[in-house]
Structures are given as C-alpha cells and as structure tokens.
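Worksheet: the structure to be examined is printed underneath.
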Amino acid sequence: MKAFAELLDRLSYTPSRNDKLRLLADYFAATPDPDRGYALAALTDGLFFRLPLRRILSDLLGPRVDPVLFDLSRDYVGDTAETIALIWPAKTRREHPPRLATVVQTLQSALAMEVPTLLANWLDQLDATGRWALLKLLTGALRVGVSARLAKTALAEWSGRPLSDIEEVWHCVDPPYLALFAWLSGNGARPEVGARASFKPLMLSHQIEDKELALIDPKDFVAEWKWDGIRVQAAHQGGERRLFSRTGDDISGAFPDVVEGIPDGVVLDGELLVVRGGDVAPFNDLQQRLNRKSVTPAMLKSHPAHIRLYDMLFEGGEDLRDMPFIERRARLEAWHAASMPARTDVSGIIDFASVAELERLWAGARETGIEGLMLKRRDSPYIAGRPKGHWYKWKRAPLTLDAVLMYAQRGSGKRSSYYSDYTFGAWRNGEGGEPELVPVGKSYFGFTDEELKELDRWVRNHTVDSFGPVRQVEPKLVFEVAFDSVHRSTRHKSGVAMRFPRIHRIRWDKPAAEADRLETLAAMIVE
Amino acid sequence: MRPERFDSWLTVDAKGLYCRPGGFHIDPYGGAKRAVITHGHSDHARPGHQHVLATRETLAAMQSRLGSAASRGTQTAAYGESLQIGEVTVTLLPAGHVLGSAQVLIEWKGARAVVSGDYKRSADPTCPGFELVPCDLFVTEATFALPVFQHGDATEEVEKLLKSRAQFPERAHVVGVYGLGKCQRVIALLRDAGYERPIYLHGALIECCALYESFGVRLGALKSATGAKREEMKGEIVLAPPSAIADRWSRRLPDPVTAFASGWMRVRARARQQGIELPLVISDHADWNELTATIAETGAEEVWVTHGREDALLHHIQSTGRKGRALALIGREDEDQ
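Keeping their order, the protein sequence lines are chains C and G. Residue numbers for the first sequence follow my numbering, beginning at -18 and rising by one. Residue numbers for the second sequence follow my numbering, beginning at 724 and rising by one.
Set out below in structure tokens:
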C-alpha cells in the first residue's frame, strides 16, 4: 500500500503528462504482482467496492475523535476524507501496513459486518498518506488526474509495446492483470483476444490543408458530413455488447439504449449523437450524458442516443479491416439494410464532381449537428492510428468574438511562474445603463511562448487587484477568441458558455471599448 | 506571597505581552523600552527597541537582518542563566524552534510562568532540543493547533525529495524554505541522508547560512544559484524563499520541480493553491500532539494561547480541566511561510 499511496500522492500534485507517465512506468517496473495489477485497475476505474463508507467512517470516528475538534478540522481542510486521513490517531508503531492486494482481495470476500474492523485496523497500520490513499481507493474515485488512456500509455512506455496492442487486448484481461503484466514484462504470451468484444484501435483523420484540398479528386475520394458528436466503436462479439470511446474506454454503462440494439458478430465505427425525431441535437445535449457511469430513465427519454454509422470492421467474425473503404462501406450498407438495428443509421455519402461543388453544398447545409466534412480515400484499408493521406477532416472556420481580458491566473507545472489562464468578458449595460464587462469564457492556449511572456508582463503591469493566484487587470487588452459553438448556461453569470474557446489573436491595437457585446455572442447560440 | 491571578502581573498592551514587575515586553512591536526576544524571526524580533535581552544567536540574527535598527542596547543570556530584572528572575531555555530560540521562564513571588515563543519537540540537527520547564502558567504558541497537524518524521520527507531527484535527474528541485532555521535544517537533513553535492542557494539565504556556520553548524558545500548556468543546475537541489519558487526567479532553473518544506504542506489544498509539486511536511513548530503533550507535561494549571488556531487548543485545554485564555496578539496570523 505504501508504494501505491506514494504514487497517488505524487500523481495528484504532478501537472505534466510526461512526468505522470514516468511516475506510473517506474511504479509498474518496481512493484510486484498482483499489487501493480490492482493499482492499474484502480487507475482505470476498474475497482468498485459497494460499501456504506460514510456511515462506517462516522461510526469509527465517534469513539476516536472529539466532534468539536473534527468539525474545526474539517472546516480548515475542506475535504472530509482527507480530514479523516489526517486526524486518525496515529499509532506510534505501525508493524503491519497492508499490501494493496490484501486490501482489495480481503474486501472482495469480506462480509459487510466485518468491514468496519478491517478498515479500522488498516487505518491504524498506515501513515497519513496511506490512509488518504486507502480512503480514495474505497470511494472508487481516485481523481489524481490520470485517465485510463494515460495509464495504458504508461504501460506502453514501460514495456516498449505499442499502445494499440495494449488497447486491443485490454477488454479481454481482468484485474489483477497477471497475464497482461506477464506479456508486457516478456514472461508470457500475448493474452488471447479470442471471440470477446474487444476494442480495435481507431483510424483517425488529418485536418486538411489548402494545398491538399486542391488535389482532391472525386475519382479517388468520397465525402461525408462530419457530425458533431463523439467517435465510438460498437462491438457485439461472443455474447458481449460494448460501446467504446475513441480512446478505448468502455462507456456501455451510460448508453444502454444504443448498446442493446447492436446485433451479434459486428464491430462498427460511427458517431454517437443525441437524435430527437430524426434531428441531431446540439453537442451540449450529448454532453449531458457523457462522463457518467449510468443513466437515469428520465435522461434516456429526454436525451435519446443514436449512432450514425460510417464503417464496419468485423462482420460475422470476419475481419474486414484490410478491405478498401468502399467495399467495407458496401458491406455496412447491405448489413444495415438486412438487420435494421434500432437507434442507428448509416451516414450518407455526398456526391460531388469537384471541390468547388462540395464547398457550395456545405455552404447550403442548414442541418444542425454538422461540424464539417470528411474526405475518405476509396481504397484505404482501416489502419489504426492517424495514417497520412487517407482520411481528411475539413472543419468550418470557427466562430470568433473580440473579448476583453479581465482576470489572469497562474498556470500549473512549467507555467506556474506565468499568468497564463485568462478570463475574458464582453460588454453589456449595467443596472444604471453604464457599460460593464461580464465574463464569458476562460482559456489558456492559442498563443505562442513568446506571446505568453508578453502577456505575463502585461498582466503584472496592469494589475488592479489580486486574490491568491488570480489577478484582476485593467480592462484594456482585447483578445480575438475563437470557439466552436456557444450554448445557454445557467451556471455562468453571462448565461452563455463557449465550447473550446482559445486565444486566436491578441489585439494589442484594439481599444477595449470596441470589443464585442454580450448580445453579439448570444446571437450565435445554437438552440 | 504568591499572586492569585497571573493577569495581575502579566498583561497585554498595545505592544504585546508585558511583565509588569520586570518592566519588560516579550517579542513586542517596535519601540519597547525593554524587550526579551525569544528568537530571530521577523514576527518576533522587531526593530527599534531601546534594550533587548536574547541569546547570543538571536542577537546575531537580529543584527544580520536589521543592522543598526536592531536595538540600541543589548544583553546576552546563555541558556539556563538566571538574571534578575526588576522584581523578577528571567531564565532563557532552549525551545528547539531555530538556532538561538528560547522559552522565557519568569519567576515572581513563588509563581513560575513560561512563555514558549515558537517551539518544537522533534529532533533538529541545527539547534539544541526543547527543554521541558515545569510551570504554573504556560504561554504557548498554536500555529498548528488542529489535530490534523501531526508532522511525521522529517527524514522521510527528505528521502522523498532525494527519491524525486533520482526519478527526475534532468530537472532541478527547488525547495521553498524560510531563511532562518528551515533552510539550514533542510540542508542538515540532506547531509545526514548522505547527500554530499553542493546545494544551491537563492541570494536571500546566503547570509543566514553563514550565520549558522559561524555558530559551528556544518552545512557542507553551498553555492550561489545566482549566475549559475541553467545546464549546470540539472539534477541539483536549490533552496529559495517561498516567494521565489514559483515566480520569475525560478525561470532560470531547468524545468524545476517546485517543493516546499513547511508544516502547512500537510493539507493538500494549501499545497495546491501554491502550485507545489512536491510538498514536504517539515515544520519547525510543534504539531497537535506536541502542543497537547507539552501542555500536560509542564503541569501548568493555566494556559494562555498566543497565536494560531487557538479555538481548537482552548477547547482541548478546557476539556482537560485547565484554565485557558486566548491572548489574540496581532501580527502573528500565518507563520512558517
């Protein structure tokens, strides 16, 4: 447990992705089985303990800690689990700190009535960091800034195996992943993918450049709309149905409505959308259903999910990935027409004779949910990764707004000495009719390192107030902010929320009074 | 005849805590006629007093930081040496906080009062350890007076620093430290852990280190970080005042891991707010267990709490059947930064 606790502790404070990868890889290299496998499971959200943890802890604390002192401490620390970890009366001799594997295995077989005693004993044997890690593990949410994808990337870096190989076997191995670690450390065969529903690494596209666009020949390429949802892979093999995100996370639990309709024997590639009455809903609607482990019946009804299919990787156990795109596409259409699975349709092919015609069609497209165009080479096999020259995306120019810098906050990691996170606002009329700025968004990228230095200097020289790591600045500097779309929001004072805002240009030249008004932004809202 | 009430002869006025029969203040605000100073930190040793009594080390620290503003007249007291001041007897005893730090024992008409100043009970290779002084009134600090503050073993924190250095050999490790005390303690702990490379110092720390060395505390090879080449500092440990570790000064260092050696690092939100990547729980103040144990061991029937989180400590004092009182001295809110 000590090594695991140290790992979580370091990860929770480490901002850089590469540094996190090193911490993880070092841990996997130095930790024996099965502890490292359980750690991997915890980091990839693969461990669940159904415990009435809150009640157990409150019963355990009762006789151990003065309630007045606990409340004062809780107010100061700000987090109940952390307070418990810190305040737990330390034993002077900690002789038997438990191993991570012991904790997991014991809890998996323990009776509910035994858990409080087990937990108390472990808390006695661990130091404060160990207690904190144990409580994090038991709540099932580590929140140390490591995604499942990052953990798998660390496995790839440590072992030297390609990430795509690890992703492919991932859903066929289970905690504590003995076979996986045996293979990765060179002491065993690659785990058998067999007939189970496993993730096949996705083929991704490149943003098209003007010179490439000029060379597009309709003889070689087909076009499809690019839908504004999230890329998914739906698989039904060996009796298992699964829906994977583009990084191979299993998101089946949140989308039972689309998962139950996937017929046997296929692996499909498509866009997950919310579709009502045949119309694609704005991305914001899909957002409501993402990042949840499960979904309520009310959500299923109000935000029905749908997959718009555009490729087929397996049919009836046959691997189609080496076929040309156009043949896979024919198989997809024939299969779909025959099986008519619910909550799916096939993304249409757009006929075009020239790039100019494609551009006209695009300009005339009024349907919501279209984010741009995809151009796919007719003879491309399905290649994992982002191969050059096969698939292109051609996105709409972003929306922009001239906004005024209001607050700047220190960044993290390499940027911790810079004011690099910017909150900007648009003008509106205040209660007395005078113009005032209201924050409309926040962004910390889009500028060069050189520009960051200038911005940092500007912030330091124009500070009017500071609150901890945040500085309020004179409302004088205009940013041209680019963003993908804007939505209504009840969480923001301005009533709007931008999607994917970035600093497109720093308008050193533009007077702040000429920046845009909130009404301008509100007019861009997609209903 | 023993006085019935302590507040009849130990009082709080605008300058701070005042001993009436001795005619002196303890750690007062500037301009006191006569001051007894517990240790050299800026919130205890303020400039402009007419006369100061302190240990030799504390006077040297004041002289080094304040120069001629330190005070007009000085008097040195060795640990354990009893001096008659007015009607009282004053004895300075080791507090274990930093080099020269002292508790002040005041005896008057058979009553014994101890003003702790800042103190800690855990081991520190750079200063004499805390000496328990039995007394009737104990005036204690309360910087870390919440039961969540239980500082572990400082040597383990230094091991954590050395492990991180081994894991990230291409980065510098910059450790935020208070200049007087924490800086030298971290260096000494590194030396005890077998770390023999030169340790780089921010300019503001150099003088304090020289002061410690002049009193015989060996710190090993020290180098100025000012002017050192970026390339040269890869894999090195650099000490700097907390205000410099995540600001423009640190940009000269190669991709630094920002560490901070402080008791506050025990609480995650505190470390995170300051952008600390490697929090090291190393404190020169007593933690909750040391505070409560010391109060019990002094045998004091009455305990006054000077500065910090006094509500929790007063609750504890009262629940153990002692008389407690918050002194509410101003200007001591957030020590050990």
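Note that beta-carbon positions come from the ideal geometry of N, C-alpha and C, so glycine has one too. Treat the numbers as computed from the prediction; the structure is a model and nothing was measured.
In the DSSP assignment, G251 (chain C) forms a beta bridge with C:V213, C:L290. Looking at the DSSP output, F481 (chain C) bridges to nothing. With a beta-carbon spacing of about 15 Å, K474 (chain C) and V385 (chain C) fall beyond the 8 Å limit used to define contacts.
In the displayed model, N(-1) (chain C) falls within a helix according to three-state DSSP. In the structure shown, D108 (chain C) adopts coil according to DSSP, grouped into three states. By the beta-carbon neighbour count (other beta carbons within 10 angstroms, threshold 16), F448 (chain C) is exposed. Residues of the stretch 49 to 82 of chain C with a Cβ closer than 7 Å to any Cβ of chain G, in chain order: V49, L50, L53, S54, Y57, V58, G59, E63, T64, L67, I68, A71. Listed along chain C are K395, each with a C-beta nearer than 8 Å to that of D978 (chain G).
Given a length threshold of 4 residues, each whole run of the alpha helix (DSSP H) inside the stretch 26 to 93 of chain C is given here in chain order: 34 to 42, 48 to 58, 61 to 68, 81 to 90. Here C858 (chain G) really is in contact with A836 (chain G); their C-beta atoms are around 6 Å apart, less than 8 Å. Measuring C-alpha to C-alpha distances from N102 (chain C) to each of C:P70, C:S128, C:A129, C:A132 identifies C:P70 as the nearest. For E461 (chain C), the enclosing beta strand (DSSP E) begins and ends at 459 to 464. Across the stretch 87 to 118 of chain C, CB contacts with chain G closer than 8 Å involve D108, A109, in sequence order along the chain.
With fewer than 16 other CB atoms across the displayed protein chains lying within 10 angstroms of its CB, Q188 (chain C) is exposed. Cβ contact annotation for A10 (chain C) (same chain, cutoff 8 Å, sequence separation greater than five): W139, in chain order.
Taking 7 Å as the threshold, the shortest C-beta distance from E1000 (chain G) to chain C falls below it. K207 (chain C): member of the beta strand (DSSP E) spanning 202 to 208, first to last residue.
When the beta-carbon positions are compared, L903 (chain G) and V821 (chain G) come within less than 7 Å of each other. Taking the CA atoms as reference points, A793 (chain G) sits about 8 Å from L782 (chain G). In this chain, the beta strand (DSSP E) harbouring K376 (chain C) covers 372 to 376. When CB distances to chain G are screened at a threshold of 8 Å, the residues of the stretch 422 to 456 of chain C falling below it are G449, P450, in chain order.
Distance from the CA of S973 (chain G) to the CA of K395 (chain C), rounded to the nearest whole angstrom, comes to 10 Å. Exclusion of the five residues before and after Q1041 (chain G) leaves G1047 as the residues of its chain whose Cβ lies within less than 7 Å of its Cβ. Scanning the stretch 287 to 336 of chain C from its first residue to its last, the whole beta strand (DSSP E) runs of 3-plus residues come out as 325 to 327. Boundaries of the alpha helix (DSSP H) around N265 (chain C): 264 to 268.
In this structure, R483 (chain C) sits away from F405 (chain C), with a CB-CB distance that is not shorter than 7 Å.
The alpha carbon of P237 (chain C) has as its nearest neighbour, out of C:H284, C:M387, C:D465, C:Y57, the alpha carbon of C:H284. Taking a beta-carbon distance threshold of 7 Å, D841 (chain G) does not count as an interface residue toward chain C. Three or more Cβ pairs closer than 8 Å define a contact, and the stretch 454 to 468 of chain C meets that threshold against the stretch 367 to 382 of chain C. Around L869 (chain G), the beta-carbon contacts reaching into chain C at under 8 Å are L50, L53, S54, Y57. Judged by their CB atoms, R177 (chain C) and E221 (chain C) are nearer to each other than the 7 Å cut-off.
In the three-state DSSP reduction, S424 (chain C) falls in the strand class (E or B).
If you look at V827 (chain G), you'll find it in the beta strand (DSSP E) that goes 825 to 831. For V421 (chain C) and F983 (chain G), the gap between their C-alpha atoms comes out near 35 Å. The beta carbon of G27 (chain C) lies closer than 7 Å to those of P156 in the same chain, with the five residues before and after it left out. Per DSSP, D238 (chain C) is not a residue of any beta strand (DSSP E); the alpha helix (DSSP H) it occupies stretches across 237 to 240.
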